[in-house]
Amino acid sequence: MRFIERPLSRRRFLTATAATGLLGATGTFAMPGLSRAADRPEVTAGLQSGDVAGDRAVLWSRTDRPANAIFEWSTTESFKTVNRLPTVTASPETDYTVKVLAEGLPADQEIFYRVRFQDLAHTSVESEVVTGHLRSAPAGLRDVSFVWSGDTAGQGWGIDADRGGMKIYSAMLKHNPDFFIHSGDNIYADGVIKPEVKLPDGTIWKNIVTPEKSKVAETLDEYRGQYKYNLVDKNFRALYQQVPVITQWDDHEVTNNWSSSKDLLSDDRYKEKSIAALAARAAQAFHEYMPIATTLAEPRRVYRKIPYGPLLDVFMLDMRTYRGPNGANLQTTEGGEEAFLGAEQLAWLKRELANSKATWKVIAADMPLALVVWDKADQKKGFEAVSNNDNGKPLGRELEFADLLRFIRAAGVKNTVWLTADVHYTAAHYYNPDKAAFQDFDPFWEFVSGPLHSGTFGPNDLDMTFGPELKYVKAPEGGQQNLSPAAGLQFFGHVAIAADTRVMTVTLRDAADAALWSTQLEPKLG
2 MRFIERPLSR RRFLTATAAT GLLGATGTFA MPGLSRAADR PEVTAGLQSG
52 DVAGDRAVLW SRTDRPANAI FEWSTTESFK TVNRLPTVTA SPETDYTVKV
102 LAEGLPADQE IFYRVRFQDL AHTSVESEVV TGHLRSAPAG LRDVSFVWSG
152 DTAGQGWGID ADRGGMKIYS AMLKHNPDFF IHSGDNIYAD GVIKPEVKLP
202 DGTIWKNIVT PEKSKVAETL DEYRGQYKYN LVDKNFRALY QQVPVITQWD
252 DHEVTNNWSS SKDLLSDDRY KEKSIAALAA RAAQAFHEYM PIATTLAEPR
302 RVYRKIPYGP LLDVFMLDMR TYRGPNGANL QTTEGGEEAF LGAEQLAWLK
352 RELANSKATW KVIAADMPLA LVVWDKADQK KGFEAVSNND NGKPLGRELE
402 FADLLRFIRA AGVKNTVWLT ADVHYTAAHY YNPDKAAFQD FDPFWEFVSG
452 PLHSGTFGPN DLDMTFGPEL KYVKAPEGGQ QNLSPAAGLQ FFGHVAIAAD
502 TRVMTVTLRD AADAALWSTQ LEPKLG
């Protein structure tokens, strides 16, 4: 059987995706342009690309049965010249997900890629072809543009198709970014989705509901179902099929505020009480469903460097895997329970920052440095993030970051910018050593964005250990918390780096794509 080639231009892809629903009448995935013939494999979750760097990118897809995945790419959407990648097999062990590393991509090119699945039991039976798009990393100077945010489908706010679904993903796609950084909380494994929620204005928020989103995730299949849920949304799928994602994880990929000290004994929602078991299942699902590159040195490593030409290196941190317990956060020495990045990741970050030749070094952190985030918010007890709320010299987890900031200054590393999410509002912080209790560092910016499609909270208090100055904030007014996406307080950030001046422009935006606040950062050169 010949496979049917359906190359899809960017414009036609967006038009088709916007006009087509993604759930059939039975509640199963209904994918645009795919045959529902029972004897043919289906591409059940579209395409994704990720970790686009240098001459390579990770390509991802999923089917509904054991099948060989045949990925191909070209620099023309007609696929006049085709580059075929090694065949990979979709199997039950990975929930029929597949990903492959496309190497040897030409620099700074529009890359069109496609996949078809060949049934293992009947090799002449193939799926139809689904096509995606990415732009490869530059080797020389050119303008760079990307977006970032975090926190998807949290606090019970799922996909309301009548309200257009997760519309902020379409707002980000309008900027035609080179890539998208997802700053963590890709899913809310502990966030149960109910069919309906009554809003303050009397209207009803109507969620699409799946079995896996109707309870907290405990089994591997339930964690996988959290990722499948996001892929129902047409806006989400359109962005991921056209723009590479560079992702990290945070707590809700497992459960709220998880660390080694997390105690689920009194949480009746969980039959599985082992946080280690939940974290292992969550990590497997994360790596199955995210187009993240892997390394044999540590197959489930999340921290990594993404080199993106002479203007930019992106350092993706993992602030979850190696942390110590969430506690008082007042330790006076390093090397124990105060660990947040952990010694090995911290050494890696120092080494890679010092060796970076890129003009800008973006440090993508899933949690902010100076915002006070309580482990038990109702009691204001324990700490979930870096700060310990004492406004004094570095203690606890702050010790790692004092060490890092001191190193950056001593090593002469210039032009570091921190991007983060987690707190469900947007803000801009300028870290000024003249205002800090700890002063052995160069000034730098941290920009906060999110949520993408979750409840809006905040603002949080600032700890002055590292001298943050609040330059902008937008959060709920009058003490309101957990506002629905219908309130419009969903946020993402856009970064543009000009090739001629190397100036970085950072703009904070809302779901309607309104520019809320912007600043231009002049690089220090030489």
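Take 2 as the starting number for the sequence shown in our numbering and just add one per residue.
We put the CB at the ideal spot given by N, CA and C, even for glycine.
In angstroms, rounded to a whole number, what distance separates the CA positions of residue 173 and residue 493?
Indexing the sequence shown from 1 puts residue 173 at position 172. Indexing the sequence shown from 1 puts residue 493 at position 492. When rounded, the distance between both Cα atoms is 8 Å.
Report the partner residues of residue 307 according to the DSSP bridge assignment.
For this step, residue 307 is matched to residue 306 along the sequence shown. 315.
Give me the Cβ distance between residue 75 and residue 84, rounded to the nearest whole Å; I'm assuming they're in contact under 8 Å.
By 1-based counting over the sequence shown, the position of residue 75 is 74. By 1-based counting over the sequence shown, the position of residue 84 is 83. 7 Å between Cβ atoms; contact.
CA-to-CA distance, residue 320 to residue 153, given in whole angstroms:
Here residue 153 corresponds to residue number 152 of the sequence shown, with the count starting at 1. Here residue 320 corresponds to residue number 319 of the sequence shown, with the count starting at 1. Going by the C-alpha atoms only, they are around 18 Å apart.
Contacts around residue 209, its chain only, beta-carbon distance under 7 Å, and the 5 residues preceding and following it disregarded
Against the sequence shown, residue 209 aligns to sequence position 208. The answer, listed in chain order, is 24, 159, 160, 162, 233.
Leaving out five residues before and five after residue 434 in sequence, what residues of the same chain have Cβ atoms less than 7 Å from its Cβ?
Working through the sequence shown from its first residue, we reach residue 434 at position 433. 440, 442, 444, 468, listed in sequence order.
Give a yes or no on contact between the stretch 355-371 and the stretch 311-325, applying the rule of three or more CB pairs nearer than 8 Å.
yes
Select from 483, 418, 99, 516 the residue whose C-alpha is nearest the C-alpha of residue 49.
Here the question's residue 49 lines up with position 48 in the sequence shown. Selected option, being the one with the closest Cα: 99.
So, for residue 168: in the same chain, excluding its five sequence neighbours on each side, which residues have a beta-carbon less than 7 Å away from its beta-carbon?
As a working mapping, residue 168 is identified with position 167 in the sequence shown. Excluding residues within five positions, the ones whose Cβ falls inside 7 Å are 236, 512.
Just grab the DSSP bridge partners of residue 469 for me.
Taking the sequence shown and counting its residues from 1, one reaches residue 469 at position 468. Its beta-bridge partners are 432.
Start-to-end residues for the beta strand (DSSP E) that takes in residue 146
Looking up residue 146 in the sequence shown gives position 145. From DSSP, the beta strand (DSSP E) with residue 146 extends over 145-150.
Can you grab the Cα-Cα spacing for the pair residue 401 / residue 345, in whole Å?
Start at 1 with the first residue of the sequence shown, and residue 401 comes out as number 400. Start at 1 with the first residue of the sequence shown, and residue 345 comes out as number 344. So the alpha carbons of these two residues sit roughly 12 Å apart.
Alpha carbon to alpha carbon, how far is residue 186 from residue 367? Give it in angstroms, no decimals.
Here residue 367 is taken as the residue at index 366 of the sequence shown, counted from 1. Here residue 186 is taken as the residue at index 185 of the sequence shown, counted from 1. Using only the alpha carbons, I get a separation of about 8 Å.
Specify, as a first and last residue, the run of the beta strand (DSSP E) that residue 50 falls within.
Within the sequence shown, the letter at position 49 stands for residue 50. It spans 44-54 - the beta strand (DSSP E) in which residue 50 sits, taken as one unbroken run.
So, do the stretch 272-281 and the stretch 80-95 have three or more beta carbon pairs nearer to each other than 8 Å?
no
Could you name each continuous beta strand (DSSP E) segment of 3 residues or more that falls completely within the stretch 186-258, going from the start of the chain to the end?
197-199, 205-207, 246-248
CB of residue 339 within 7 Å of CB of residue 393, strictly:
Along the sequence shown, one-based indexing puts residue 339 at 338. Along the sequence shown, one-based indexing puts residue 393 at 392. Cβ atoms of residue 339 and residue 393: not closer than 7 Å.
Check each candidate in 496, 508, 522, 520 and name the one with the smallest Cα separation from residue 144.
Looking up residue 144 in the sequence shown gives position 143. Looking at the Cα atoms, 496 is the closest of the given residues.
List the residues that DSSP assigns as beta-bridge partners of residue 519.
To locate residue 519, count along the sequence shown from 1; it is residue 518. Its beta-bridge partners are 508.
CB of residue 292 within 7 Å of CB of residue 446, strictly
Numbered from its first residue, the sequence shown carries residue 292 at position 291. Numbered from its first residue, the sequence shown carries residue 446 at position 445. Result no, Cβ atoms of residue 292 and residue 446 do not sit closer than 7 Å.
Under 8 Å by Cβ, that's how I've got residue 253 and residue 155 pegged, so tell me the actual separation to the nearest angstrom.
For the purposes of this step, residue 253 is taken as the residue at position 252 of the sequence shown. For the purposes of this step, residue 155 is taken as the residue at position 154 of the sequence shown. That belief holds up - the Cβ atoms of residue 253 and residue 155 are roughly 6 Å apart, short of 8 Å.
Residues in the same chain with beta-carbon distance under 6 Å from residue 415, minus the five sequence neighbours each way, listed in chain order, please.
To locate residue 415, count along the sequence shown from 1; it is residue 414. If we look at residue 415 and ignore the five residues flanking it on each side, its Cβ neighbours are 525.
With which residues is residue 73 paired in a DSSP beta bridge?
Locating residue 73 in the sequence shown gives position 72, where the first residue counts as 1. Partner(s): 85, 115.
Relative to the C-alpha of residue 228, which candidate in 213, 219, 240, 197 has its C-alpha closest?
Counted from its first residue, the sequence shown places residue 228 at position 227. Closest option to residue 228, Cα to Cα, is 213.
From residue 452 to residue 71, what does the alpha carbon distance come to, in whole angstroms?
Reading the sequence shown from its first residue, position 451 is the one you call residue 452. Reading the sequence shown from its first residue, position 70 is the one you call residue 71. About 36 Å.
According to the neighbour-count rule (16 or more other Cβ atoms, all chains shown, within 10 Å of its Cβ), is residue 215 buried or exposed?
Counting from 1 along the sequence shown, the entry for residue 215 is found at position 214. With fewer than 16 Cβ atoms within 10 Å of its Cβ, residue 215 is classed as exposed.
I believe residue 108 touches residue 56 by the beta-carbon criterion, under 8 Å. Please report the beta-carbon distance rounded to the nearest angstrom.
As a working note, residue 108 is residue 107 in the sequence shown. As a working note, residue 56 is residue 55 in the sequence shown. Rounded, the Cβ-Cβ distance is 7 Å, consistent with contact.
Can you tell which of 370, 297, 406 has the C-alpha that lies nearest to the C-alpha of residue 471?
On the sequence shown, residue 471 is found 470 positions in, with the first residue counted as 1. Nearest C-alpha to residue 471: 370.
Can you grab the Cα-Cα spacing for the pair residue 67 / residue 184, in whole Å?
Working through the sequence shown from its first residue, we reach residue 67 at position 66. Working through the sequence shown from its first residue, we reach residue 184 at position 183. When rounded, the distance between both Cα atoms is 32 Å.
Residue environment, residue 270, which counts as buried when at least 16 other CB atoms sit within 10 Å:
For this step, residue 270 is matched to residue 269 along the sequence shown. Looking at its Cβ environment, which holds fewer than 16 other Cβ atoms inside 10 Å, residue 270 is exposed.
In chain order, what residues of the same chain have a beta carbon less than 6 Å from the beta carbon of residue 522, not counting five sequence neighbours either side?
Mapped onto the sequence shown, residue 522 falls at position 521. Same-chain partners within the cutoff: 505.
Thinking C-alpha only, which one of 333, 171, 294, 485 is nearest residue 148?
By 1-based counting over the sequence shown, the position of residue 148 is 147. Comparing Cα-Cα distances from residue 148 to each of 333, 171, 294, 485, the minimum goes to 171.
Under 8 Å, with one C-beta from each stretch per pair, do the stretch 422-434 and the stretch 190-199 reach the 3-pair mark?
no
Which partner residues does residue 361 have in the DSSP bridge list?
For the purposes of this step, residue 361 is taken as residue 360 along the sequence shown, with counting starting at 1. 313.
Does DSSP classify residue 123 as helix, strand or coil?
The sequence position of residue 123 within the sequence shown is 122, counting from 1. The answer is coil: DSSP assigns residue 123 none of H, G, I, E or B.
Distance check for residue 260 and residue 33, CA to CA, integer angstroms please.
Here the question's residue 33 lines up with position 32 in the sequence shown. Here the question's residue 260 lines up with position 259 in the sequence shown. Only weak support is given to the placement of residue 33: the predicted model assigns it a pLDDT of 37, under 50, and the value that follows is read from those uncertain coordinates. The straight-line gap from Cα to Cα measures roughly 40 Å.
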